[in-house]
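Sequences listed follow chains A and B, in order.
Under the working numbering, the residue at position 54 of the first sequence is numbered 54, and the numbers go up by one with no gaps.
Plus 1000 on top of the position in the second sequence (first one is 1) and you've got the working numbering.
We put the CB at the ideal spot given by N, CA and C, even for glycine.
Since this is a predicted model, take the numbers as computed values, not measurements.
Number of protein chains: 2
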Amino acid sequence: MSKREQEIIAAAAEIFKEKGYQAATTRDIAAAVGIQQATLYYYVSSKEELLYLVVREPMMRLYVQMEEIVKASVPTRRKIELDIQAHLAAFDDSYPHMFVFIQELPNVVTALPDRLGEFPGRYQHLWEDILQQGMTTAELRTDLDPVATTLMILGMCNWMSRWYRKGGRLDTTTLAKQYASAVLDGIVARPGRAPC
Amino acid sequence: MSKREQEIIAAAAEIFKEKGYQAATTRDIAAAVGIQQATLYYYVSSKEELLYLVVREPMMRLYVQMEEIVKASVPTRRKIELDIQAHLAAFDDSYPHMFVFIQELPNVVTALPDRLGEFPGRYQHLWEDILQQGMTTAELRTDLDPVATTLMILGMCNWMSRWYRKGGRLDTTTLAKQYASAVLDGIVARPGRAPC
């Protein structure tokens, strides 16, 4: 990818975050890069393609990490810790791209090329598989719905896109540790539990 | 409030949800109600005021419920259960208003009249207070950060705006029970725990 293309994608991520995808225009993005709108169309064919290019890398990276974790020979508890760590680390590696991905998810699904359109749903299914496996092996409670629990975990991770700032009071490693510990063991005090 | 005003607010909630606040126009909203844009401005002064009117009721209701729960003489565990129940029930009572509130939170904060601008932040602080109290009384773990834990709980509740549909497989009472139980006690299987 050329330096100019990288600049365009970075500007698109910023503009989509600030204005929202539907209100943003390719004219805004061209202006942010300092080029004509017509020049922008030399690099990309549409605003939709730009949305795809903004989310592609973090989406695929997270999905591949998740696939490896699902297959790993480690207890369910560890898989959940690793998954949360990978998800939160994406906010360090890919911001504001991850913000746009999460905020604009319905538009992202539409903007993805056919072969990739199922990826956000497949990511959720990998989470459901892990929880389901953990229930089957009696590592996890069986009185919780695996789909609702998946969406609970995704919600707490995804909401971080709204408030997390790199370099803030708590880093993603600490947050992932605390979130995984809270989800796995609960926030209620119990004697004998090792501190987080 | 007149029937026409109610129609306008309901239409605004739908349009803000579908197009996003920044891309939506008062022309779209007037068209959805079947009135002229000029007529709309007889009822409201701006798109910003419409956003305020869309979120006002669910926001204030949830805040008042939360204030009562904070003051109640019940264990922290029960407060957290009641808070989650109130938050999730709002998706039944006020959809798509709650969706717009959550999706457009930064715009909502700007659109609120001065006297109400702090309410979303104060709601979060009430949550932090409950967790902090529970840590002080040793009901909750003290190795988790109360602000990060608040944002974790808000994230899992708020994300429901994306996937919950009234009349679906799980209702908000069941979901609130499961979410509160998961957050309080964790999702890991433990012998002797009562099922959710």
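Cβ neighbours of residue i in the same chain (closer than 7 Å, five flanking residues each side left out)
i         : result
A:Thr142  : Met135
A:Gly65   : The amino acid at residue 65 of chain A is misidentified as Gly; the sequence shows Gln. Result list for A:Gln65: Ala86, in chain order.
A:Gln36   : Ala30
A:Thr172  : Leu88, Ala89, Phe91 and Asp92
A:Glu48   : Ala111
A:Asn158  : Ile102
A:Val54   : Ile9, Ala12, Ala13, Phe16, His97 and Val100
A:Leu140  : Thr76, Leu131 and Gly134
B:Val1109 : Gly1117 and Pro1120
A:Glu128  : Pro146, Val147 and Thr150
Three-way DSSP call (helix, strand, coil) for residue i in this model
i         : result
A:Leu144  : coil
B:Val1054 : helix
B:Val1206 : The requested residue 1206 of chain B does not occur in the structure, where chain B is confined to residues 1001 to 1196.
A:Val44   : coil
Whole-angstrom distance between residue j and residue i, CA atom to CA atom
i         : j         : result
A:Gln178  : B:Asp1145 : 8 Å
B:Gly1069 : A:Asp114  : The sequence shown places Ile at residue 1069 of chain B, rather than the Gly named in the question. Between B:Ile1069 and A:Asp114, the C-alpha separation is close to 48 Å.
B:Ile1015 : B:Asp1028 : 7 Å
B:Glu1057 : A:Lys166  : 35 Å
B:Val1188 : B:Val1033 : 50 Å
A:Lys204  : A:Ala89   : Here chain A has residues from 1 to 196 only, and residue 204 of chain A is not among them.
B:Gln1132 : A:Val74   : 35 Å
B:Thr1039 : A:Ala10   : 42 Å
A:Thr26   : A:Pro106  : 19 Å
A:Arg61   : B:Lys1003 : 51 Å
A:Glu81   : A:Ala12   : 32 Å
B:Arg1078 : B:Ile1130 : 11 Å
A:Gln22   : B:Met1156 : 25 Å
B:Tyr1095 : B:Lys1019 : 16 Å
B:Ala1148 : B:Tyr1052 : 28 Å
B:Gly1168 : B:Tyr1063 : 26 Å
B:Leu1050 : A:Ala182  : 39 Å
B:Gly1192 : B:Met1059 : 39 Å
A:Ala138  : B:Arg1190 : 9 Å
B:Ile1084 : A:Leu170  : 25 Å
A:Met1    : A:Ala24   : 23 Å
B:Tyr1041 : A:Ser46   : 35 Å
The alpha helix (DSSP H) enclosing residue i, as first and last residue numbers
i         : result
A:Met98   : His97 to Gln103
B:Thr1026 : Thr1026 to Val1033
B:Met1160 : Met1160 to Trp1163
A:Leu170  : From DSSP, A:Leu170 is part of no alpha helix (DSSP H); its letter is neither H nor E.
A:Met1    : Unbroken run through A:Met1: none, as it is neither H nor E.
A:Ile121  : Checking the sequence, you will find Gly at residue 121 of chain A rather than Ile. Element bounds for A:Gly121: Phe119 to Thr136.
Residues near residue i by beta carbon distance below 6 Å, same chain, minus five either side
i         : result
B:Tyr1043 : Glu1005 and Ile1008
A:Ser161  : Met98, Phe99 and Ile102
B:Pro1195 : none
A:Asp185  : none
A:Glu104  : Tyr21
Cβ shell of residue i (< 8 Å), same chain only, five flanking positions each side left out
i         : result
B:Glu1067 : Leu1126
A:Leu175  : Leu88, Met160 and Tyr164
B:Gln1124 : Thr1150, Leu1151 and Leu1154
A:Ala180  : Ile80, Glu81, Ile84 and Gln85
beta-carbon residue i near the ligand GTP non-hydrogen atom, thresh 8 Å
i       : result
A:Glu67 : Looking for the ligand GTP in the displayed structure turns up nothing, as the structure carries no ligands at all.
Problem set entry | Contact the region 109-126 of chain A vs the region 1112-1127 of chain B: 3+ CB pairs below 8 Å | The region 109-126 of chain A is not in contact with the region 1112-1127 of chain B.
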